[in-house]
Amino acid sequence: MKYLDYGYSRMSHNFKLSALALATLSVVGCQLTETQNTAQAPIAERILFDFEADVLPLEVKLINADGNLVSHGATEGNTALNVKFHSKKHEYSAINFTPTQAWDWSDLDSFSIAFDISNQGQYSTQLFLNVYDHNGQVYTRSVNVPVGSAKTYYSKMAGHDLVSPDNKHGENVELNLSSGLRSNPATWESDQVQFIWMWGTKNLDTKGIKQISLSVQYNLHDKEVTIDNVRVMPNPKMNQEYLEGIVDKFGQPTRLEYEEKIHSEKELLEVKEKELARLNNGEKLSDRSKFSGWKEGPKLAATGYFRTEKVGDKWSLVDPEGYLYFTTGIDNVRMSNATTLTGYDFDQNAINQRSADELTPEDSQGLNPPPKHAIPTRKLVSETRANMFEWLPDYKDPLASSYGYRRGAHSGPLERGEVFSFYMANLERKYGETTPYSYLNEWSKVTVDRMLSWGFTSFGNWIDPMYYDNARIPYFANGWIIGDFKTVSSGNDFWGGLPDVFDPKFEERADATIKQVAKEVNNSPWCVGVFIDNEKSWGRPESKTTELGIVIHTLTQNGAESPTKNMFTEQMRAKYANIAKLNQAWNTNIASWDAFQQGSFNSKLDETNAQQVADYEKLLFEYASEYFRIVDAKLEKYMPNHMYMGVRFADWGMPMPVVQASKKYVDVVSFNLYKEGLTKKKWAFLEELDMPTVIGEFHMGTTASGFFHPGLVHAANQEDRARMYKDYMHSIIDNDYFIGAHWFQYLDSPITGRAYDGENYNVGFVSVTDIPYNAMVDAARELHSELYERRFGELKQVQADSK
Numbered sequence: 001m002k003y004l005d006y007g008y009s010r011m012s013h014n015f016k017l018s019a020l021a022l023a024t025l026s027v028v029g030c031q032l033t034e035t036q037n038t039a040q041a042p043i044a045e046r047i048l049f050d051f052e053a054d055v056l057p058l059e060v061k062l063i064n065a066d067g068n069l070v071s072h073g074a075t076e077g078n079t080a081l082n083v084k085f086h087s088k089k090h091e092y093s094a095i096n097f098t099p100t101q102a103w104d105w106s107d108l109d110s111f112s113i114a115f116d117i118s119n120q121g122q123y124s125t126q127l128f129l130n131v132y133d134h135n136g137q138v139y140t141r142s143v144n145v146p147v148g149s150a151k152t153y154y155s156k157m158a159g160h161d162l163v164s165p166d167n168k169h170g171e172n173v174e175l176n177l178s179s180g181l182r183s184n185p186a187t188w189e190s191d192q193v194q195f196i197w198m199w200g201t202k203n204l205d206t207k208g209i210k211q212i213s214l215s216v217q218y219n220l221h222d223k224e225v226t227i228d229n230v231r232v233m234p235n236p237k238m239n240q241e242y243l244e245g246i247v248d249k250f251g252q253p254t255r256l257e258y259e260e261k262i263h264s265e266k267e268l269l270e271v272k273e274k275e276l277a278r279l280n281n282g283e284k285l286s287d288r289s290k291f292s293g294w295k296e297g298p299k300l301a302a303t304g305y306f307r308t309e310k311v312g313d314k315w316s317l318v319d320p321e322g323y324l325y326f327t328t329g330i331d332n333v334r335m336s337n338a339t340t341l342t343g344y345d346f347d348q349n350a351i352n353q354r355s356a357d358e359l360t361p362e363d364s365q366g367l368n369p370p371p372k373h374a375i376p377t378r379k380l381v382s383e384t385r386a387n388m389f390e391w392l393p394d395y396k397d398p399l400a401s402s403y404g405y406r407r408g409a410h411s412g413p414l415e416r417g418e419v420f421s422f423y424m425a426n427l428e429r430k431y432g433e434t435t436p437y438s439y440l441n442e443w444s445k446v447t448v449d450r451m452l453s454w455g456f457t458s459f460g461n462w463i464d465p466m467y468y469d470n471a472r473i474p475y476f477a478n479g480w481i482i483g484d485f486k487t488v489s490s491g492n493d494f495w496g497g498l499p500d501v502f503d504p505k506f507e508e509r510a511d512a513t514i515k516q517v518a519k520e521v522n523n524s525p526w527c528v529g530v531f532i533d534n535e536k537s538w539g540r541p542e543s544k545t546t547e548l549g550i551v552i553h554t555l556t557q558n559g560a561e562s563p564t565k566n567m568f569t570e571q572m573r574a575k576y577a578n579i580a581k582l583n584q585a586w587n588t589n590i591a592s593w594d595a596f597q598q599g600s601f602n603s604k605l606d607e608t609n610a611q612q613v614a615d616y617e618k619l620l621f622e623y624a625s626e627y628f629r630i631v632d633a634k635l636e637k638y639m640p641n642h643m644y645m646g647v648r649f650a651d652w653g654m655p656m657p658v659v660q661a662s663k664k665y666v667d668v669v670s671f672n673l674y675k676e677g678l679t680k681k682k683w684a685f686l687e688e689l690d691m692p693t694v695i696g697e698f699h700m701g702t703t704a705s706g707f708f709h710p711g712l713v714h715a716a717n718q719e720d721r722a723r724m725y726k727d728y729m730h731s732i733i734d735n736d737y738f739i740g741a742h743w744f745q746y747l748d749s750p751i752t753g754r755a756y757d758g759e760n761y762n763v764g765f766v767s768v769t770d771i772p773y774n775a776m777v778d779a780a781r782e783l784h785s786e787l788y789e790r791r792f793g794e795l796k797q798v799q800a801d802s803k
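Going by full-length UniProt numbering, the sequence shown opens with residue 1, and the numbers climb by one from there.
This is how it looks when you write it as structure tokens:
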């Protein structure tokens, strides 16, 4: 093993340490200070793999990839490892570094894993970094490696050595810091690139690191990178101001310039006027029908509402006039999720609390301004949050109308608190205000103009109901079934527990929700269909055990208290009659049906027992069928002319028994897919399912415009992001089963994280100043100009030949 001194100069990657003296970092009432460790000298870099031998080390394994030792891309010594990931053939391709004996780094206090990586391929490459410890814990981080020369990419294993009154030694305090951002800024200044936090265990046991893995997943193109000098390196001293002043008065990042950045209100107005002239009041593409269907294609039976039909081998939507229709749209065109926590709160006695009969979750509600009588009780609760902003308005400022309140959060440093919407403040700056929030009228017209000018055929999910009667572009309505009904668990309930659908209260709440949606839609022919709920934790795909978690966990419940468990008991008793027969089939020793009903047995799934697996799958199917049956019945009752668009399965939560259960009841099956696009193996099941299918969410983002987290799919810059958008959409358009896809979302997340869960992603078609990203707009126009010809062009020729 080769060791290098900490001060060694590596390429151009010398640390650019801040000259500022260490000071205090305030985190929600607790003081954190970087420790001055005088007992131990700074650690040296530890080179794990330098690739200077003639052959690849035995500890390095390639999975669905080729690796060669090459001279180009070497940053130390003479050789580096070139890796070609075969993405077109394999949905997972990786390089694994697995020591013969687990690495023990427990003697190191503040350090990172680092790689020198260059990209000689044609495409930017998103690399997923998985690090596993000997306790079975893992973290996942990710980074985009653009085409070009080498840089150092690092991922923290132990954060800066901090102490607090409650933590004398300070181990791992920094990595556990809940700032309210899904990913924080770098804590030191350099031209090195930090891997972005995705999920997993933030603080692994560094006494035993069993494996480091770099992978590409579900890519549309083959990728190629060159890796050198895999090493452990010490973290430079922390810039104590890394979280301070990161947002300017427009809500933009302060630390980076980019093409769409606004520097004054005068510039904001100038850009607005130029765009309005270019939009020309939302002139549509020439091949579009009234409802944005394909005017130049075959005309089918018209029903006055949207419907589905299989035309040749392709599923299609049909617009109210009978034209073929493919839905492309943008989600979340509303003010919900545009707010960020400020670090202030109010006396709870002055805040209007949630009521049990509300139909909209907290994060999908609007601004919810705090009552005027609450303002005098305003108090600072997080200095860390408050210090992130260069400017927040006084409550006497006209822009104070963009303050709101969140009564609950999914995750983050605060359970609740004051929020501010820089996006709304910028809309007021752009369009002015004559009556409270009157600027929303101008914003809504410009937004529809944009959708039509950019070529989109619809809005996506989660649009403000103000658009439901726009009569210019189709839309999708949505609803959530929430309430005080009983719940069940899959064991990994990311967004919360699932409803106990056999609890009569669930049907009551479904009725109330869909009745309200029907009232808002008012039987409009412009409504394509309705999405109900989103990304429910039906079960995860890692194994049969995680996929069938709802059954495993519900079986342990008492049927007298759990209606779904009671159904499970009835189903199994009807099938087996005798408990001995069930025990024989499952290889269990349950004492009686009473014991089964009470849940007093081990429900663990034996994945090698085909009969037990089949029974668990059947129970999951029955549970899901009841969910979809209830929703479908309510939609048929209140909205018989509008399609049921499904529940928007997350690609991490789409067990086949649940997907199959939906088939009988939904008009369109919907999925949210955050990948580069469709890959053949993962989506081969669509041939058997044979249903019209839509993507409800996807996106790409980049840190090149000042964001600290790009989103779930990473691009190198805005131009690369636009290229990836088109590639994704082409994979959808070219698939016979898909009838459309919707981008998530219209505007970027706040730089400081949305109030609900800290997402601080560059995922918008427009920035926080409501300025469209030029590359994305150009890509949308190019894509949509050929949309219908690419999807249905051969049908047009068949129509011509028949004449």
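Heads up, the beta-carbon is just placed ideally off N, CA and C, and yes, glycines get one too. Keep in mind that this is a model prediction, so the values were computed, not measured.
- Across the set Lys84, Met233, Val419, the C-alpha of Val419 shows the shortest separation from the C-alpha of Asn337.
- Shown here for Met451: same chain residues with a beta carbon closer than 6 Å to its own, the five before and five after excluded, namely Ile473 in chain order.
- The segment 337-355 and the segment 485-501 do not touch, with fewer than 3 CB-CB distances between them shorter than 8 Å.
- The beta carbon of Tyr638 lies closer than 7 Å to those of Ile514, Lys515, Ala518 in the same chain, with the five residues before and after it left out.
- Counting C-beta pairs closer than 8 Å gives fewer than three between the segment 707-718 and the segment 292-299, which falls short of the contact rule.
- Asp66: member of the beta strand (DSSP E) spanning 65-70, first to last residue.
- The beta carbon of Pro525 sits closer than 7 Å to those of Gly304, Tyr305, Pro320, all from its chain and outside the five residues before and after it, given in chain order.
- Residues Ile630 of the same chain have their beta carbon placed closer than 6 Å to that of Glu507, with the five preceding and five following residues left out of the count.
- Rounded to whole angstroms, the gap between the alpha carbons of Val333 and Leu440 is 12 Å.
- Listed in chain order, the non-local C-beta contacts of Lys151 below 6 Å within the same chain comprise Val193, local neighbours out to five positions each way being set aside.
- The residue from Lys284, Thr206, Phe111 with its alpha-carbon nearest to that of Val232 is Phe111.
- Going by beta carbons, Gly329 and Phe195 fall outside the 8 Å limit.
- By the Cβ test, the segment 229-244 is in contact with the segment 178-190, since at least three Cβ pairs between them sit closer than 8 Å.
- Residue state for Arg406 is assigned as strand, using DSSP reduced to three classes.
- CA-CA distance, Leu127 to Asp615, rounds to 39 Å.
- Fewer than three Cβ pairs drawn from the segment 427-444 and the segment 482-500 lie within less than 8 Å of each other, which leaves the two stretches out of contact.
- Our two residues, Ser490 and Glu626, have alpha carbons roughly 17 Å apart in a direct line.
- For Asn426, the enclosing alpha helix (DSSP H) stretches over residues 422-431.
- When DSSP states are grouped into helix, strand and coil, Met233 belongs to the strand group.
- Distances from the alpha-carbon of Tyr773 to those of Asp727, Val694, Glu259 put Glu259 closest.
- Remark: fewer than three beta-carbon pairs, one from each stretch, lie closer than 8 Å, so the segment 137-145 and the segment 245-264 are not flagged as touching.
- Residue pairing of Arg141 in beta bridges, as defined by DSSP: Leu129, Trp197.
- Within the same chain, and ignoring the five residues on either side of Ala624 in sequence, the residues whose Cβ sits closer than 6 Å to its Cβ are Val658, Ala661.
- Around Lys210, the same chain offers Ala102, Tyr132, His134 as residues with beta carbons nearer than 6 Å, after the five sequence neighbours per side are excluded.
- Note: Thr152 is bridge-paired with Asp116 in the DSSP secondary-structure output.
- Arg781 and Phe621 have their alpha carbons spaced roughly 42 Å apart.
- Contact between Asp331 and Trp743 holds, with the beta-carbon distance rounding to 7 Å and staying under 8 Å.
- Rounded to the nearest whole angstrom, the C-alpha separation of Gln718 and Ile227 is 25 Å.
- A distance below 8 Å between beta-carbons, with the five flanking residues on each side excluded, links Leu673 to the following residues of its chain, in chain order: Asp651, Ile695, Glu697, Phe698.
- The Cβ-Cβ distance between Gly758 and Leu747 does not fall below 8 Å.
- Here Ala53 carries a coil assignment [DSSP, helix/strand/coil].
- In terms of Cβ geometry, Leu787 and Ile739 do not form a close pair [threshold 8 Å].
- Between the alpha carbons of Lys604 and Gln584 lies a gap of roughly 15 Å.
- Sequence-distant partners of Pro563 (beyond 5 residues in either direction) whose C-beta falls short of 6 Å from its own C-beta, in its chain, are Asp500, Phe502, Asp503.
- Within the same chain, Cβ atoms closer than 8 Å to the Cβ of Asn470 are found at Ser444, Val448, Trp526, the five residues on either side in sequence being excluded.
- A distance below 8 Å between beta-carbons, with the five flanking residues on each side excluded, links Ala356 to the following residues of its chain, in chain order: Gly483, Asp484.
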